[in-house]
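These protein sequences, in sequence, are chains A and B.
Each residue of the first sequence is one higher than the last, beginning at 44 in the working numbering.
Each residue of the second sequence is one higher than the last, beginning at 878 in the working numbering.
Using N, Cα and C, we set each Cβ at its ideal position, and we do this for glycine too.
These figures come from a predicted structure and were not determined experimentally.
Have a look at the structure below, then the notes.
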Amino acid sequence: MNWIDLSSNAFTGAFFLYCAAFICYAIAVAGKRWSNRDPQSHTARWGRIGFIAAIIAWALHLVFFFARWKVQGHIPTSNMYEFMTFLAMAIMFAFIVVYLIYRNSLLGAFALPLVIIIVAYASVFPSEVQPLNPALNSIWLRVHVTTAALGEAFFAVGFAAALMQLIRVVDTERPDKAASRIFTEFSLSVIIIILGFLVAVFGFRGAGYEASFSQEKVEIADDGTVNTEVNEVVYSLPPIVAPYNSETIAFDSFLGIDKPLFEAPSWMNGVNAGRKLNTVIWSVITGLIIYGLLRLLARKPLYAVIKPHLMDIDADDLEEISYRAIAIGFPVFTLGALIFAMIWAEIAWSRFWGWDPKEVWALVTWLFYSAYLHLRLSRGWQGTRSAWLAVIGFLVVMFTLIGVNLVIAGLHSYAGVS
Amino acid sequence: MLIQNTKCECGHQNPVGTVLCESCGKPLFEEAAGAADAPLEMRYDGVARRSQKQNPQLVDRVWNFFSSVKIAIYLIILTLIGAAIGTIFQQESTFINMTTDEEFAKYYKETYGTAGVIYHALGLSHTYESWWFRGLLVMIGASLVICSLDRVLPLYRALNKQQIRKHLQFITRQQVTYSGPVAGDATAWVDSFKQQLKRRGYRVHQDGTALLAEKNRFSRWGPYINHIGLILFLLAVLGRSVPAWHMDQYLALYEGETRQIPNTNYYLKNEDFTLELYDESELASNQKGKAVPKLFETKATMYECVDACNDPTRDPVLKQVEQHPIQVNSPLSYGDLKIYQNSYQARVRFISVNVTLTDTVTGKAYGTFTLKADNPDRVYEVGPYTLRLNDYFPDFGLDSESRPMTKTRDPNNPAFAFTIKGPELLPDGETYLYFPMPNEESKAYQAILNDYYVKNGQSSGKFVFKVENAMSGGKMVNVTFSEYTTFLNIRKDLAMPYIWVGAAISMIGLIMGFYWQHRRVWLRIDDGTLSLGAHTNKNSYGLRADVAWALAKAGIEVPPKSLDNRRNLR
C-alpha cells in the first residue's frame, strides 16, 4: 500500500469510527432508562466506549494527515478540503483536552456530530493532491493555519457545550418563553439544513447527476478594453437557478424538470455564484424534508426530544465548560489568526494588515469573543445569554472560514474551494 | 447633598463607592448585592474606583464615560459591525487603476447597481479610512487606557493590603463556601489545613484561627498587561500615518534594468527573473494543461549612490550594497527598506541587438555595432563609415499627417534613423531607417521608408542592416531581450517594531490571564464552627476541586459540587 492509499483509507476509517463513537455517545445519553440497567453505570460504560472509539478515530485521522503530508511534501492545510479535515482534527483535540479537564463524556454526544459534519463537508471539495501555490510556500503556512484552526476548534467545543446548555434549560411550558424555544429549535434546524446540504451533494454525486452551462462574463480591463470570457459552469445538483447570463449546454432531466427555473441576479458575481445559490436552495429543500420527517417521527420539537436525556447534566457545568473552552481558545486564536497572520502577511504581502475580507472577519471573530468575555464580567450575561453568544460566535467563526471564501473573494481566495 | 457614611463597623474609613469594606470585607450596600445571602459581587474586590467619585467635573464625566465596561462593549460591537460592513463590497483601496471619486462612483454603480450607489455615497467603500471608523479605534484606545487605570490601581491597593480575618458575611457569601463543625483545637486544625493548601501551591497567611490562602495573584494583571500591549499596538498603527515613518511604492523592472527607488539614494537592478512551472505530472486533474507557477523569483541587486547622485550631467556612481533572490515569501531587506515580490508580467521587451552593416549588392559585412533600446549611443564607427543616430522612435508609429512619431516610451517597436557618412557616399551623408523587430509591419515600414529616401535623393540604398546568426543552438545570440517584467513593492515601516512588541505584550497578558487563575481561600473558626469561603475570577471548578481536596486531607469529605454557593441557592 502506498502513502496516498494509506492516507485515504485512514480517512475513511476515521470517518466511520467517528460515526461509531457518536452512536456510542447517543446510546450513553438516550439509553439510560432502558430496562435492567443502572443509569449511572450505563452512561459511564457507553461514554467510555465512545471515548475510546473517538480516540482511535482521531489516531487514524492523524495517520491520514501525516501520510498526506509525506505524499505531497507540504502540510495538508493549503486548500478547503485539507483545511476542513484539519479543523475537524483540531476540534477532536480540543474536545479531548476539555474532556480531560472536566471528564464530562456526554459532551462527546454534541462534539462528535460537529466533527462528523465537518469531515463530511470537507469531502465535498476535491480531495486530490494539488501542488503548492508559491505564495503559500512558507513555514507560516504550518504555523498560522494550525494555530488559528486550533483556536477555532476550542470555540467549536464551546459552541457544542453552549448548545447542550440551551437545550438543557429551554423552558417547554411557559408561554413567555416561546422565543427561546423557537430560537433553540431554529439552531437545531440549521444543523439539519447543513446535513441536508451533505445529503443532497452526496446523493446526486452518487447518482452521477450533471448539468452544464456556458456563462458569458464581460470584464473591462485596466486599459479600457472590453474582454468577454465564456466559461463552462458544471452543476452536480439539478439547476433550479442558472448562472447569470448563461446558456444551457447539457441538462440531465430531474423529476421531469429539464430547464432551470430562474437565473441568478447580476450582482451575484463571485466565482460560480449561480451554482452556489443553487446549492443553498437544494440544501434548504433537503434539510427541510429531513426536518419534516424527523418531526413526523417524533411528533414534537427536536429540542423536546433531546432535552429529557440531558436532565441529569448540570446546566452550570455546561456553562462552565463552554466558557472555559472559549477562554482556552481565545489566546490561541489571537496568536494564530491575528498575530501569526500579521507576521506572515508582513513577509509575503509586505504589509501586516490590509483589510482583506478574511483578515477583517478574523478581526470580527476576535472582537466578538472579546465582547463575549467582557460581557461575562457582568452578572446578567452569564447563563443562557452567554450560551447564545457562544452559539452566535461559532457562526461568525464558520462564516470567516467558509462564508468569506464562498461569498467574498479576496487574497485568501486561492485557498481553493473547487 | 447626601453625605454617605462609608465607615465600616470594623472602624475602617472607606472611600465613597466602596462595595466591600477594604479592611474586613463586610458588604456595605445590601441593595447592591441583592438578596442578603446571595453571593457577593467580588469584582475588583469591591473597592472604590476613580469613576465613582462624587460631584463629577467635565474631566470626570469623560473619564466616567470611558471607564465603563459597558461603553467598551458598545465600542467593540460598533467596530465589529463597521468592519463587517466594509467587506460587503470591494473596498476602493483594492483598485490600483482607479483614483478619482467619479471613477469609483461609476464602478460601484456599474458593478453593484443601486446597492453599490448607496454603498459608495455613504462612504462605505472606504470604511477603514473613514473618520468614524478611525474614531471608533481611537475611542477603543481611550477606553483601554481609562478602563485599565480606573481598575488596576485600586485593585492593586486592595490586593496589597489584605486582612486575614474577614467579616463572617464576607466569607459565607463567596461563590465557593463550606461551613461545619470542627472538633478539637481550632488553631491546630487551621495549622494542618494550611499545610494541605501549601501542597497545592498556595501562599498561606495565618492569624490564629483565621487563614488566608492565595495563589497565582499575578494572573489578575494579565488583562491589564494585555491592554497595555493593545494600546501600544494602536499607537504604533497611528504612528504609521507619520509620512517619514512610512514608504510604500511599486517599481516595475524588466530583466537587466536598473532604476532609482524614488525619493531614496538607492538603486535596484533586476538581474534576472525566473518563472518555474509545475510539471504536467505534478498537477491535479483539474489543473492539467494549465500553466501553474511553482516559483517566481527576481534576482535583485541593490546599489547605493556614492557620487554624482544629483548631477544631471554625470552618471551616478553606484556601489553594490545587497543582493538577494526575491520571492513571495522572501523579501530583500536592507536597512529600513524591504523589497517584496508583488507580481510579474510576461512582456517581451527588446534590450539590445548586434547589427551588422552589410552591402546590399555584394553582401559584404563592413562591421558590427550594438544598438540599445534605452539611451542608445549617438555615434557608431563601423569600418570606414560613421553612423550618427538622428532620431530614435522606441514605439514607432505615424501621426495624423503620416509623420513618424513614437507612441509610447517603451521599446515595443523601435526604429532608428541614421545618417551615414563615409567614402563613396553622398557628401551630406545618407539617411537610413532601421527596425530591429522581425515582424511584417515594421519590415514593411522599413522597406517603404528606405525606398522613399532613395527616390528623394537622400540615400543610395547601398546598405542593409542585418543580424548575423540570429539563432544559434536554439538561442538568439545577437539579440537580447527581457521576457518578464517584475513588479516589486518597496516598503519602509518604522512602526513595525512597536507593532510586534505591542502584540507580544498583549499575548503575554492573555496567557497570564487565561491560563492561570487567581484563587483565594479565607476561613475562620468561631466556637468550633468552621466557615470557609473561596473566590476565583475564572474556573471555579478548579477552585472547588482544590478546596474539596484540602478539606478531605484535613478529614472533611465533601463532593466538590456541594461547595458551590451559587448552585445551592437555586
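- Chain A places a beta carbon closer than 7 Å to that of B:V946, counting this residue as a contact.
- A distance below 6 Å between beta-carbons, with the five flanking residues on each side excluded, links B:L1264 to the following residues of its chain, in chain order: Y1257, F1295 and I1297.
- Under DSSP, B:Q1200 takes part in a beta bridge, and its partners are B:T1178.
- DSSP places B:P1058 within a strand segment (E or B) once states are collapsed to three.
- Proximity of chain B to A:T377 at the Cβ level (cut-off 8 Å) is accounted for by S1383, M1384 and L1387, in chain order.
- Here A:A391 is buried: its Cβ has 16 or more other Cβ atoms, across all protein chains shown, within 10 Å.
- Taking the Cβ atoms as the reference, B:T1362 lies roughly 5 Å from B:Y1131, within the contact range of under 8 Å.
- Straight-line spacing of the CA atoms in B:E899 and B:V1398 works out to 17 Å.
- Around the CB of B:V994, fewer than 16 other CB atoms lie within 10 Å, so the residue is classed as exposed.
- With a contact defined as Cβ atoms closer than 8 Å, B:D1272 and B:D1287 qualify at about 6 Å.
- Unbroken beta strand (DSSP E) stretches of 3 residues or longer found wholly inside the stretch 1278 to 1357 of chain B: 1281 to 1283, 1292 to 1298, 1307 to 1311 and 1340 to 1343, given in chain order.
- Residue contact with chain B for A:E171: present (Cβ-Cβ distance below 7 Å to some residue of chain B).
- Leaving aside the five residues that flank A:D214 on each side, the residues in its chain whose CB is nearer than 6 Å to its CB run, in chain order, K220.
- Taking the beta carbon of A:S148 as reference, no residue of chain B falls within 9 Å; the closest one sits roughly 16 Å away.
- DSSP places B:Q1083 inside the beta strand (DSSP E), whose first and last residues are R1080 to D1084.
- Scanning its chain for C-beta atoms nearer than 7 Å, with the 5 sequence neighbours on each side dropped, one finds around B:S1069 the residues A1431, in chain order.
- Short of 8 Å from the beta carbon of B:D1441, and not among the five residues preceding or following it, lie these beta carbons of its own chain, in chain order: Q1052, V1053, S1417 and R1421.
- DSSP places B:H997 in the uninterrupted alpha helix (DSSP H) bounded by D978 to A998.
- At a cut-off of 7 Å between beta-carbon atoms, B:L1172 makes contact with chain A.
- Of the candidates A:P282, A:F305, A:I210 and A:N288, the residue whose Cα lies closest to the Cα of A:F294 is A:P282.
- If you ignore the 5 residues before and after B:G1299, its C-beta comes within less than 7 Å of the C-beta of P1261, Y1262 and T1263, all in its own chain and listed in chain order.
- Taking 7 Å as the CB threshold, A:I382 lines the interface with chain B.
- Boundaries of the beta strand (DSSP E) harbouring B:F1246: A1242 to K1249, taken from the DSSP string.
- DSSP places A:A293 inside the beta strand (DSSP E), whose first and last residues are S289 to F294.
- A direct Cα-Cα distance of roughly 37 Å separates B:K947 from A:W183.
- With respect to the 7 Å criterion, A:I118 and A:R185 are classified as neighbours on the basis of their beta carbons.
- Linking B:K1241 to B:N1289 through their CA atoms gives a straight-line distance of about 30 Å.
- Using a Cβ-Cβ cut-off of 7 Å, A:H187 does not count as an interface residue toward chain B, since no Cβ of chain B sits closer than that to its own.
- Cβ-Cβ distances below 8 Å link B:I1376 to F1110, A1113 and V1114 in the same chain, with the five nearest sequence neighbours on each side left out; the list follows chain order.
- B:Y1143 is bridged by DSSP to B:E1181.
- Between the alpha carbons of B:V1119 and B:D1370 lies a distance of about 10 Å.
- When DSSP states are grouped into helix, strand and coil, B:Y1155 belongs to the coil group.
- Annotation for A:S413: the continuous alpha helix (DSSP H) segment containing it runs P400 to L418.
- For B:G1057, same chain residues with a beta-carbon under 8 Å away, outside a window of 5 residues either side, are T1406, L1407 and I1433 in chain order.
- The stretch 231 to 251 of chain A makes contact with the stretch 144 to 163 of chain A; the number of CB pairs closer than 8 Å reaches 3 or more.
- In the assembly as shown, A:N448 is a buried residue. Its beta-carbon has 16 or more other beta-carbons within 10 Å.
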